[in-house]
Structures are given as C-alpha cells and as structure tokens.
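Novice: Here the sequence shown stands for residues 1 to 1225, where the numbers follow the UniProt record's numbering. Glycine is no exception: its CB is placed at the ideal position from the N, C-alpha and C atoms. Please read all numbers here as calculations on a predicted model, not as lab measurements. Could you have a look at this structure, given as structure tokens, before my questions?
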Amino acid sequence: MTETAPSQLCVGHLYWAQTKPNEWTLTRLSSFDASSASAVFEIVDEFTDAAVPGSDQLTVDTTTCAVCPANPLFVTRSDMTAMRYLHEAAVVKNLHDRWIADDRQPYTSMSNVLIAVNPLRYLAAVDKSMYVRQSLDKSPPHPFHVAENAYRQLRSMRQNQSIVISGESGSGKTETSKIILEFLTDRSSLDDYNATASVLTDSHAREQALGDRLMDTIPILESFGNATTHRNHNSSRFGKYMRLQFTPDTSGSDSALHLAGASIDTYLLETTRVVLPPAGERNFHVFYELLRCGDASLLNELKLVPNPYAKVEKARQNDVEAWIDEYQYLNLSGCTSNLFLDDCDNFSKLVKALQYINIDATELFRVVSGLLHLGNIQFDEEETEEGMTAAVHLDDRASAVTVAAEMLGLDPVSLLNAILTKKFSRLQGRPGLQREASVHFKKKDTRQASYSRDTIAKVIYKHVFGSLMRQCADALEYNLAQKDELPYIGVLDIFGFEDFEPKNRNSFEQLLINYANESLQSLFNQCILKAEQELYQTEHIWDPHNVSLFFPFVKMNHVATSPRFVARQPIAYDDNNECLKLIAAKNEGMFAIIDTVAKVAGPTDRRLIDNFQKYFAKHPCFIQPHPKDMQHTFCIRHYAGVVRYRIDSFLDKNSNLTSGQFDDLLKSSTVTILRSTSAATELPLIDPTTARPQYLAAAKTSGSVSQLFSVQMRTLTNELMATRSNFIRCIKPNAAMDATVFTRTSVLEQLRCSGTIQACQVLQVGLPTRVAYLDIAATYTAVLGADFMFQYYANDRLFTQALCSVLEFPADSYRLGDSRLFFKTGKIHLLDKLLNVAPTMTVEELKARLTHYLVKRRWISAATKVVVLRHVQAHYAAVRRKHHAVVLQCWFRQCIARRQVARLRKQRRVAMLWGRFASKCGVQRAFHGVPEDKFTLLQALLRQRVLPSRCKWLLNWLGPLQRAMYVQKLGKAACMAYLAKRAFLSLFEIVRERRACVKIQAQVRRAAATAVVDSMRKQKKAQEHWRRIRIRVKATIWFFAMFRRAHVVCLEHDNSRLKRENDELRAKNAVLEAQLQSSSSTATQDENVCDLERQLLLLQHKLDEAMRLNSLTPTSSGSSSTRRNSPTPTEWTSAKSFSEHMGGGEMFQSFNPTSPYAKSFAHRSSSTAFTIHRRYDSDVPSRLQREVEQQQDITRKIRELVRICAKVERYAIAIRVQRKPSVHV
C-alpha cells in the first residue's frame, strides 16, 4: 500500500484516510503538525471536489492511521498500472468510477490481470474482430482481450494456456466463462479470411457444431450443479475446468489453430445440498425446473403433480407451488422461488441441450423425481427385541417408498431394507476372490434410517452428475490419445473464497473451498511475480547506468545527494505456503489428522478438534478462538483473512465410504443411468506393471473426501503451472444484486480475498508504469526536428537517458531497460512531464542541454578511459613493489621459522628422553621384589607378534627370565619336533602303500582300456573299409551302366553317319579313279604322288601304332571305376561334335573311312569322347587322376596325327584335281 510519510504531507492536497478497516474517506489536508504527527483533514465530495457541507473536520494521527495520496479526480484508467498512485483506495475508486459511468465499463486490467465487476445488466455486444485485427495494446480490457492473448500465445509460442476465473458467488464467473468460450469457439473462423471457401466452410461448420455442443453443455451443468444462495441466484456449487483442444491448420500457409475437441473436469460437487439445503437457499435448479416445466402429462407420469400420497387441498390440486411445498428436500430451507430465474424457460433449454447431446431425458427425470419421493419417506419408532427401531408408516409403505422405488427402478422391499437395516457380513478367501461366509442384519433407529435415506439420495445424485459429465465429455470429441501433442487452452471456473460468518457457519465444505483458493492464490502470486521478474531480466533494468554523468572517480560525499546507482529491489509478496502446509501437508496437515482420527475406534468431532489444538497450537496460521468456543471452533489465517470454522459433522462429511449394501441396491436398478454408473465403478483395469485386474470401487472407497480433493487440487495446480496462466478476478458490486449500487466495502473485501490487493502491493514494489523508447523519440522528433535527432539515430535509449537527465528526474524514480523506460509506482507524473512536451525551457535551450549532455558523456567516457589507464599503471607498479616486499618478508620469516623449529625439536627430544627414563624407572620400581609379576609381564610381551619399539627395553630388563623361558621353549619345541617326526613317518608309510596300490590299479585299468580302445578302432576301420568298398562297387556299377548306354548311342549315331560318308566318298573316289586312269600325268607329278602316298602310309603306320598303344592301356578297371564319379548328362558329347572339334566337316569328309586307321580312329574317338569332356569332383582318387591324364595325353597325340593326315589327304586331293584338266586336254 502506498502510504505517505508524515514529512511528505502537503497542505491542500487530496488524501485517502482510512477511517475504518474496510472504509476509506476522501479528504483534503487542512493543517499538519509535524512534531505531534497530527493532521487535520476536511471531507471532500468525490463528484464536485468540494468540501462536504456541514461535515466535521477529521483529525488523524498519521502514525496510527493510514493516509494515502489520491489520484486526480474525474479521470479513470483502463489499466491500473497507469494510475499515479496504486493502493486499495485508488483501485476501488477507479473501479467505482468506471462501473457507475453511463456507458458502464465493468472491465479493468491491472498488468496481466483482468478485474471484471459484474455489470448486473446486459451490455452492448462487442465486435470480436476488433481484438483479432489490431494490437492488444490498443484494445480495451475485456474477456475477449484475455482469450485473444491466450490464443496468440498458444499459436506463436506453442505453449499451453490457461485462464483462471475466480470470484465469490454472484460475481459473474459463469457468464465470464461463457464469453471466453464463445470467443474461443469462433476464434479460428475469424482468422480464416485468407482461406478458400470450401476449406472455410468445412472447417467452420465442424468447429461451429463442436462449439454449439460445448455451449449446450452449460445448461446441463447449471441445472444439475447450480443453486440459489444468499449471495447469488445462480451459484455454481462445483468447480469446473474445461480444456479446448486445438489442432494446427495444415491446409493453408498461415499458423491458425482450429478447435478439435474439448473436455470438462469437475471438482467438489456439494451433494449435501440435495438432502439439506441451507436456510434461505434453494436446492439444485433441476428440481424446481422439473416441477415448473408446465408439462402436466410429464409431471403426472413422474407422479409429482399430483402426488399419489400427499394431501393437498382440492382448491390447490393444480397449483404447482403447493406441490413444491410437499417435498421435504425442497421445503426444508424455506426458499423455493427465485425472481431472477425463469424455471420453465430454463427447463426447455435443458431439454434441448439433452436432446442435442443425445442424453435420455426420460430416465434422467425419473431419477430426479425418485429423489424427491425418496426424501418424503417418514419414520416412526417401534419397540422390538433390539430396542427402539425405525419403522415406516403403513400408509407410506404403499406410497412414498413404492413411488420412489418405481421411479428409481428398484424393488420396494430392497429399498426399504437398505434404509431400515444394516448388513454385517464376514468375508472369506483372499482379496479379489472373497465371498460372504456369514451375514447378519441389525435394525436402525430413526436417526440412522434418516441418515441412510439421505446417503442413498446423495450417492444417486453424485452418480447421475458424474454420468452426465462423462456423456458431455464424450460428445465434445476430446482426443485423449494426442492430449500431450495437441495444444489446448484451459478455462477454470472455480468457487471463490468463502466466509459465511456471521449469517451462516463455515463447515467442512468451506475449508475445502478455501484450500483450493489458497492453492490458486499461490499459483497467482508465482505467476505475477514470475512475469514481472522475467520482464525485468529481459529488459536488464537492474544493470547500472550513470544517467547524471557523474565522474566515476570523485569522492562519494560530493554527490551524496544524488546517488549514481540504485540498488536492486526484489519483488516481495506474502507467501501462503505455511497455510497450505497447515491444511494439506502430508502426514502432518489437517487433512491427514482428519483421516487419522476417522480410522481410530469411536471417532468424534470433539476428539478431532482436540487433536487440532494439540498439534497446531503453535502454528502461525492456526489461531486459537475464545476459550469458550475452543470445543467446537477453530480459526485459520488465510491470505484473505482469518476464518472461523465449526467442527460439527467434519468426520461425516469427510467420509467417502459407501456401504456395499447401497452399491448392491443401485446395481439392481432397472434404470440404465444408475445401473451403468454403478457398473462403471467396478470395471476391471489392467495394471501394465502387474497385468492383474484392479477395480475402481476399491480405489474409490479407499480415500477420504479431503484426500481425494487434495490430490485433485495438486494435479490441477501442477497442470496450471505447466501452462501460461491468465487471471480474471470477478467482483460482485453489492450483495443485493442491485444494478444501481456499488458497495465499496464489499468490493474492497473481495479484492483482498481474491489477492488483487496483494498484486497491487507486488506491482507497487515493482515498476508498473512503462513507456517505449520509440514513442518518446517519435514524440520529440516533431519538436526538435529530424536533423537534430539524427545524432541519436538507432539509439533511442541514449536520447531517453539524456532527456531524463535534462528534465532532472530523480535517479531512484525510474529504470532504463533495453526497449522501454520504467517508472516506479506513484511516479507517473514524471511520465506526463516526459510525454506532454511542454518543458519550461525553450526548444533551443532543450537542444543545447541535450547536446551538452551528449558532449559531456563523450568527454567523461574519454576521460574515464585515460584515468583508468593511469590508475591501472600505478596499481600495477604498486603491486610489483608489494610483491617484492612480500618475497623479502617471506625469506626473512622463513629463516626465523627454521631457527625456531630447530629449537623446538631439540626441546621436544630432550623432553621425550627424560619422559622415557622416568617411565622406565617407575616401571622397575613397581616390579621390584615381585618376580611373579615380572614373569607374567614377560609372558604377555612374548605373546605379542609385534612389540612396539617403546616396550623393547622391557625384554632387556627381563633378560634372565627371558633366557629361562627360552630354554623351556627349546625343550618343548624339541619334544614336539620328535613327536611330529614319528607321526609323519608313520603317515608317510601309509601314504606310500596306498599310492602303490593306486598305481597298480591304474596300470591294470590302463591295459584294459587300451585293449578295448584297440578293438574299437579295428571295428571302426573295418566298418570304414566295408563302407568304402560298398560305395566303390555301387559307383562302378552305376558308372559302367551309364558309360555303356552313352557309348552304344554314340556308336550307333557315328556308324550311321560314317556309312553315309563312306558311300559318298566311294562314289567320289570312283569318279576320280576313272579320271586318273584316263588322264596322263608327268613323271614329276607321279613322283610327288608317290612321295605323298609314302608319307600317308608312314602316317597311317604311326596312327596304327598309337591306336595299338591306346588299346593296350586299360581304360577301366574294377578299382579305378569305383573311384570315378558318375558323369552328368551334360558331360557327354556326340561323335559329330568331336569331328567338328577335330578340324571341321571338310577334313573328316576328305578322310577315307574305309581305311583301317580311319575305322580304328572312329572307334577310338567315340570311346574317348567321354574322357575328353569329363569333369571330375574334388574327391577323385589320385590314381584315377593319373589314368585320366594318360588318356588325355594319348588323345592329344591322336588329334595331332589326325590333323596331319587330314592335311596330307587334302593335298593329295588337290593334286588329283590339278590333274583333271590335263586328262581332258
């Protein structure tokens, strides 16, 4: 809070004086006595700025009463940080002036927090595109502003966003959340102006449908979760967190996001209101909407109007209001109507929403009707063997119970037994496979029966509400599989801080609600502090800067009045972690104490509050109440103030255990919504770590309400901490919801409870007022001219620094950042002076001073460099001198230390020697005349393995005794050695005998083993030989079979071909012989022919010899054939191919087939064709390979001879051909 020091009070100025804890009065200072710190104020009218006629002057002691300066009247600010003075009186005044204006401006921002005062009337529609198309700095504060900021952050930073809406009942949280949801569902369509028509239509249609479904869930939530309270006619009795999931636009080049799905999480539904609404408040809306729906057939079908068992006057049979009074759950509070709500119209909206979400409204209304009938069951007492027990009226047995059971789909007898009797069962078997071994029933009294009836009603309503939430979530198409990939914006609409004193008592529900607000307040403080600190770090505002251009090396006393640098002032705020630990600390908080007390035998609320006072008496946030109230009341200091809580029914409300009898009852229902909800709580879940089914029912009943709620709040807080949080504080202007009244005390209390005042204090310590350098440079460019401003080109910070120095701003009133100028709270007049461009000096003088500042800055910079250089040089010389002096000192001290150490060592040696001598004398004196003790000492010394050096003199002193003991020791050692030798020799003989036996046995066994191994080797070799013989025989038989088959085929083919060729050759030879006989040749030609014939005969003789040698070489034998592998069919060649290989068809045709060597050659060529082109495997024996090589060598020689014969034959034929012309001639 910005309080003015007494020394700074100025007569005639306006101030806010705190006359009461929640009341501030606008005054004008008339006089001030500085000695007594007493000030006299006159009360001023806020609307006229004149003294209030007839009002008394106000005398205030400024040391005890808070006095704060007032901002200028008749001026409002849309942003609180723009105000000159920021404190709670100024905040309330600004909110009041904006709210009561003719155009009613309920929205005001304070840094990144939006304060929304409920306008209590409908406002003009705001154009959404105004926040989409332009910069947010130029947009007025509105929920659209917060939503657009979150959307832009989500789109640009890809960081999940959250919008936290808080406030007390009636402050407009629900309407604010509707405005935000409406904007976010339409946001992407506003950004699709550059998309094609088809893409825009499809995407917008889908998003519109999803947005409509999201907005249609709100009537369902309000009907089943809202109620009329003292503070609000449409109060949400639960908290909800809605996530709007977005997906990036992949069709276009922009970075727009499209709504892809949504989810709803609910917190802390006030089920107690179903059976016991507070006095003066209504039950949930759905009961009244159903009764006032105007559909007579539906009400008759549900047996609500008329009621078959209630007694209503005939004149009022058709009066719905009369029937409403007949239902106990509705008439207990004494409030059944609300002038601000139209139940009939809301019912039609509810029916449409249920139809749109595809929820069965018939069964839903049957359950609601059954709850009303269930509440009308009355009990009487009757005497039984078990004492006084509860019983149902005879008339009611056939009426209220039957109708309630019919509407709920239950058996009337089962319903009545669940209410009137308690079931005890003993289970047998291991967990998961237990069965009831024995069952006992005990009747209940009227109090227990009423409690059971109400418990069944609360359980049914809780199940129905949970089922509706699940169905709504299913209709919103939330992509659970990609929840971590898709960005989202969360909207949290949660209950505000509650303190019902003195009208009502604060109970367990208020403790949970205030704990939730404590958690959110901690988050709020961290986010506000974090945002401010991040901005300060980004702007580097705490870096030192010499704005006033003081010379760095002058003495500080010369410039003591104008400090050069301002120390960093950290932002501090009230930390509420102590309160959070008090309530929800693990194993030590209030929630843990409540669970512990509930587990012991005979738990009572009295024992619980005794434990509170025992464990938390010294806690700073636990306040002791008045001694007379300590048995039923305790107090907690929250961030918003001290709250008194009543301990009544804490344990009952904290219990989350439902009887298995009630669960079995709901399972037997024929109504789908009850049966499915009960079954859903016991669906088995497979644990991936154990692969065993686990049941939700066990997990549900294992914890208390406080434990489950604390887990929910920690999860919610962690999720909000992982997002970028935006805050909206909703304020209720007055308790009566009057559109013309603004109650400042109530608003101030709400601001304190919401943490807004604390945020003001945080911003007050910080630097809330800021302006960009570009704006300042642009403002002064028009005044000073562009030519003058050119010397500050691209350095607007330097110009702003010079301007602040010229205008003589105090150095502790502002900070220079990287891109903007920051002013402390209350220094906005400096900003006005800076931007109004109305200096007291002329433009020329301003230019001269700015130029002088720039020149002086340059001169100081140059002079500083010179001075620093000289200072460094002098410092370096001084350091060297000091180093030399230190070296000399070290040497001298070393010498002195050495002498002193030598003297000390000598003294120590003398002392040690004298001490040893004295010790020896003492020992000898002690053992003098006692030989037995000496002998004992000597034995003790000799038993030690290592004797210390200081004790060795004892052995010299005890020498005679030692020698005697030594002789005894030698004798004993000799005796032991002799005995050991005899034992060793006897043992050695035994070992030798046994070793000889072992060697003999080993030799015999080795011989036997050798014989066995030899026989086995011979058997193995015989088997291997027989195996090889069998393989060779088989291979030989197969080889000869294949060889004969191939040889016969080749012979037949070659024989037929040779016959044809021989016939042709005979015909040709006959013709040639006839020609030769008829022709004459010269003697020279005859000689040549004779020579050729002799050569031919010689060649034929060689050929015959080669053929003879080849026939003498064995081509196959029994041993070699068995080693030869069988050829494949591709390895065989025909005689034709062989003839072609031997030189072509002409040579072979010219050869005479009738000659003996030709026949022998044909026979040998056909028999060796197989040998020439055969391939052999790697396992052919070496002998067979040598035979094959010999065959191949002979074959090559035959080829050479055949080639020579062919040449000779061709030459003879040529000669004969040459002879033919001579014959003709």
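1. Kindly indicate which three-state DSSP category residue 1167 falls into: helix, strand or coil?
2. Let me know the secondary structure DSSP gives residue 104 once reduced to three states.
3. Smallest Cα separation from residue 731: which of 982, 584, 182, 96?
4. Hey, how far is the Cα of residue 1042 from the Cα of residue 1013?
5. Which one of 460, 87, 47, 900 has the shortest CA to CA distance from residue 75?
6. Tell me the DSSP secondary structure of residue 94 in three-state form.
7. Looking at residue 584 and residue 507, is the spacing between their C-beta atoms short of 9 Å?
8. Looking at the structure shown, is residue 47 part of a helix, part of a strand, or coil, going by DSSP?
9. Residues in the same chain with beta-carbon distance under 8 Å from residue 476, minus the five sequence neighbours each way, listed in chain order, please.
10. Residue 13: buried (16+ other C-beta within 10 angstroms of its C-beta) or exposed?
11. State yes or no: is the C-beta of residue 729 within less than 9 Å of the C-beta of residue 519?
12. Return the bridge partner residues of residue 239 from the DSSP annotation.
13. Contact check, residue 350 vs residue 223 under 8 Å by CB: the rounded distance?
14. Compare the Cα-Cα distances from residue 791 to each of 113, 853, 134, 831 and report the closest residue.
15. Output the distance between the C-alpha atoms of residue 1020 and residue 1035, rounded to the nearest integer angstrom.
16. Rounded to whole angstroms, what's the CA-CA distance from residue 616 to residue 626? Just pull it up for me.
17. Using a Cβ-Cβ cut-off of 6 Å (strictly less than) and excluding sequence neighbours within five positions of residue 28, which residues of its own chain qualify?
18. Which whole-angstrom value is the C-beta distance of residue 233 and residue 280, which I expect to be below 8 Å?
19. Starting from residue 20, trace the beta strand (DSSP E) in both directions and tell me its first and last residue.
20. Buried or exposed: which applies to residue 11, given that a residue is buried once 16 or more other Cβ atoms fall within 10 Å of its Cβ?
21. Exposed or buried, residue 21, counting other C-beta atoms within 10 Å across all chains shown (16 or more means buried)?
22. Just reading off the alpha helix (DSSP H) that residue 130 is part of, what are its end residues?
23. Starting from the N-terminal side, write out each stretch of the beta strand (DSSP E) that is 3 residues or longer and does not extend beyond the segment 305–356.
24. CA-CA distance, residue 333 and residue 327?
25. Give the list of continuous alpha helix (DSSP H) stretches no shorter than 4 residues that lie fully inside the segment 360–404.
26. Among residues of its own chain, excluding the 5 on either side of residue 19, which ones have a beta-carbon nearer than 7 Å to its beta-carbon?
27. Taking the beta carbon of residue 621 as the centre, do at least 16 other beta carbons fall within 10 Å, making it buried, or is it exposed?
28. Are the CB atoms of residue 343 and residue 267 nearer to each other than 9 Å?
29. So what does DSSP say about residue 541, is it helix, strand or coil?
30. Less than 9 Å separating the beta-carbons of residue 259 and residue 188?
31. Quick one: what's got a C-beta closer than 8 Å to residue 157's C-beta in the same chain, skipping five residues either side?
32. How would you label residue 375, buried or exposed, when you count the other beta carbons within 10 angstroms and need 16 or more for buried?
33. Taking the C-alpha atoms as reference points, what is the distance between residue 1131 and residue 1067?
34. Nearest to residue 667 by alpha carbon, out of 940, 459, 133, 50?
35. Mind checking which residues open and close the alpha helix (DSSP H) that includes residue 652?
36. At 3 residues or longer, what runs of the beta strand (DSSP E) sit wholly inside the segment 802–836?
Specialist: Looking at the atomic coordinates:
1. Residue confidence for residue 1167 is low, a pLDDT of 43 falling below 50, so the modelled location carries little weight and cannot support an answer.
2. coil
3. 96
4. 43 Å
5. 47
6. Collapsing the DSSP output to three states places residue 94 in a helix.
7. no
8. coil
9. Non-local C-beta neighbours of residue 476 in its own chain, meaning closer than 8 Å and more than five positions away in sequence, comprise 210, 213, 214, 217, 261, 262, 263, 264, ordered along the chain.
10. Exposed: under 16 other Cβ atoms inside 10 Å.
11. no
12. 267
13. 5 Å
14. 853
15. 22 Å
16. Roughly 16 Å between the two C-alpha positions.
17. Cβ neighbours of residue 28 beyond the five flanking positions: 14, 42, 44.
18. Not quite, the Cβ-Cβ distance comes to about 12 Å (not below 8 Å), so this is no contact.
19. 14–20
20. exposed
21. exposed
22. 129–133
23. Within the segment 305–356, not a single complete beta strand (DSSP E) segment reaches 3 residues in length.
24. 11 Å
25. 361–375, 394–397
26. 25
27. buried
28. no
29. coil
30. yes
31. Result list for residue 157: 724, in chain order.
32. buried
33. Confidence at residue 1131 is low in this model, with a pLDDT of 37, below 50, so the placement of that residue should be treated as unreliable; the coordinate-derived value is given next. Roughly 36 Å separates the two Cα atoms.
34. That would be 459, whose Cα lies nearest to the Cα of residue 667.
35. 650–654
36. Positions of the beta strand (DSSP E) runs, each at least 3 residues long and wholly inside the segment 802–836, are given as 814–816, 820–823 in order along the chain.
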